[in-house]
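Shown next, in structure tokens, is the structure this report addresses.
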């Protein structure tokens, strides 16, 4: 599993950033250096983080900011992805920004898709600067953000990418299997954007000064307790818009909704009293939807905040909300608001076994590391060299790696047990064919031709009559047991044995004859006793004696003892006999 985690930094590896603890990543896409902006946010260029794409700078007339003036454009592959390590089960805010800026001087802003973690996010129309934000619970330990080409010659690009950890209590009334896509986040009666460090999660609160008879108000509180689940920044609560009197309502029209209207909405409204209210005065109001009561009475607290949220509400373009005074002496007010669309259910991604197997292939072959994001999802944006089935958690059914210039041995991808087709032909793969390939239960076609495999063919492959197997063009591969280089070597060694015996045996007899002749010659010169008269009765044994009187048998025993010592005893005695 540790390897798997390092993959989905490398697999998914057009850009991989490891972080410890909480995530706070800011990528200046298309830039080569790092810098710190006016909000004390450190931005890192992506040149060292991604291998694909081309960097560009926007036309000077379209300059927006240091970060938004550079971009990375992708002219190859169906999708290109950034990957960022995160905490599985943690909640994150992901923000992707786009500024076409007529970088190519064609005045033709492209349209393309934006994905995250194998999920469709939105179709990006770059005719104007776009910033998209999602908040969701991470299902794996790697976040992937991808751009995908959907139209000819409409090359996707990205200007900036940010990932922030947020507390699990933020927007906690949304099921963890869904994401929130931001439509608007406003701080009423302010003139400047509020973000980090005022907001520890770096949510961007855009200013929304009052108009149409609304009053811009400032709180008398020097400190506001923001100890509520969403933890809004104090700065946005120190300002509010208000109507002049209790005979008027505040109308809260919906912002522009970037996402399909079928998506239900999740809305947060923030209310904090701006002044001390005595017992004779009361500020009380309720929310109306299309003129009808929608909430109970809301009484904003001083130096504190109330968050009124609406979850899973379906709206139309004509839906509107308003704040209506009820039993009050003071008119209604509001400090801030957030409006999100709730996504479709999030995918769990490609099957873990396949992700691990693909990671092992990417780890073994550098050329495959250029592919990132979820391997199969969203359909039809799977990696170019795999095929996937249509399961809710898809499986990889085919590896199509012919002519990828792969070299070296095959790694272990035995967990990819849904594979039906494996095509590695026309590469430079070496080593033996792994045994596990023949044990893949669904494998129907295996193409390993035109490589440099060696050794014998696994029996699990050679005996599988249901497998379409192609192995031609592997000169070092044994097509049968007799052709294995190892077996030929043994045969050559065996065939040499008669020659060796034919040479050594005659030499042995010649040496023995010479030694016998020398012994006989020596004995003739040596004095002895014994009857040397002819034996007319035929052969008989002659018992001779040595000069010291010992019989020949004793001498023979001594010679045998010497022979044993010469050939079997320790060559160098280390201890003297006592």
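In mature numbering (1 follows the signal peptide of the UniProt record, and there is no 0), the protein residues as written are -21 to -1, 1 to 557.
We treat Cβ as the ideally placed atom computed from N, Cα and C, and that holds for glycine.
Nearest to residue 90 by C-alpha distance, out of 98, 78, 458 and 284, is 78. Residue 98 carries a strand assignment under DSSP once its states are collapsed to helix, strand and coil. Inter-residue distance for residue 116 and residue 423 is about 39 Å (C-alpha atoms, whole angstroms). For the options 196, 99, 399 and 195, the alpha carbon positioned closest to that of residue 419 is the one of 399. Its chain contains 417 and 418 as the residues whose beta carbon lies nearer than 6 Å to that of residue 439, once the 5 sequence neighbours on both sides are disregarded; these appear in chain order.
Shortest Cα-Cα distance from residue 257 to any of 280, 238 and 243 involves 280.
If you look at residue 301, you'll find it in the beta strand (DSSP E) that goes 299 to 304. For residue 184 and residue 33, the gap between their C-alpha atoms comes out near 32 Å. Take residue 134, set aside five residues on each side of it, and the residues of its chain with a beta-carbon closer than 7 Å to its own are 52, 53, 54, 89 and 128, in chain order.
About 16 Å separates the beta carbons of residue 121 and residue 58, which is beyond the 8 Å limit, so they are not a contact pair. Spatial neighbours of residue 157 in its own chain (CB-CB distance under 6 Å, excluding positions within 5 residues in sequence) are listed in chain order as 321 and 322.
Secondary-structure assignment with DSSP links residue 410 through a beta bridge to 432. Residue 205 carries a coil assignment under DSSP once its states are collapsed to helix, strand and coil.
Burial is judged here by how many other beta carbons sit within 10 angstroms of a residue's own beta carbon; residue 148 has fewer than 16 and is exposed. Boundaries of the alpha helix (DSSP H) around residue 440: 438 to 441.
Taking all protein chains in view, the Cβ of residue 391 is surrounded by fewer than 16 other Cβ atoms within 10 Å, so the residue is classified as exposed. The residues 282, in chain order, have a CB closer than 6 Å to that of residue 200 in the same chain once the five nearest residues on each side in sequence are set aside. Annotated three-state conformation of residue 47 is helix, per DSSP.
Short of 6 Å from the beta carbon of residue 290, and not among the five residues preceding or following it, lie these beta carbons of its own chain, in chain order: 152 and 245. Contact between the stretch 67 to 76 and the stretch 329 to 342 is not established, with fewer than three Cβ pairs separated by less than 8 Å. Residue 8 has its alpha-carbon roughly 6 Å from the corresponding atom of residue 137.
Rounded to whole angstroms, the Cβ separation of residue 305 and residue 265 is 5 Å, and the two are in contact under 8 Å. In its chain, beyond the 5 residues on either side, 325 and 326 have a beta carbon closer than 6 Å to the beta carbon of residue 98. Beyond the five residues adjoining it in sequence on each side, residue 429 comes within less than 7 Å, by CB distance, of 404, 405 and 452 in the same chain, given in chain order. When 83, 69, 220 and 94 are compared, the shortest CA-CA separation from residue 61 is found for 94. About 5 Å separates the Cβ atoms of residue 285 and residue 250, confirming a contact at the 8 Å cut-off. In this structure, residue 100 lies away from residue 82, with their beta-carbon atoms at least 8 Å apart.
Under the DSSP assignment, residue 337 falls in the alpha helix (DSSP H) whose first and last residues are 331 to 343. Taken through DSSP and simplified to helix, strand or coil, residue 104 comes out as strand. Secondary structure at residue 77: strand, using DSSP grouped into helix, strand and coil.
The count of Cβ pairs closer than 8 Å, one atom from the stretch 175 to 195 and one from the stretch 343 to 350, stays below three, leaving the stretches out of contact.
With fewer than 16 other Cβ atoms inside 10 Å of its own Cβ, residue 191 counts as exposed. Contact between residue 2 and residue 144 holds: CB atoms are separated by about 5 Å, below the 8 Å threshold. According to the DSSP assignment, residue 214 belongs to the alpha helix (DSSP H) that extends over 213 to 216. For residue 387, the three-state secondary structure derived from DSSP is strand. Spanning the alpha carbons of residue 46 and residue 175 requires a straight line of approximately 16 Å.
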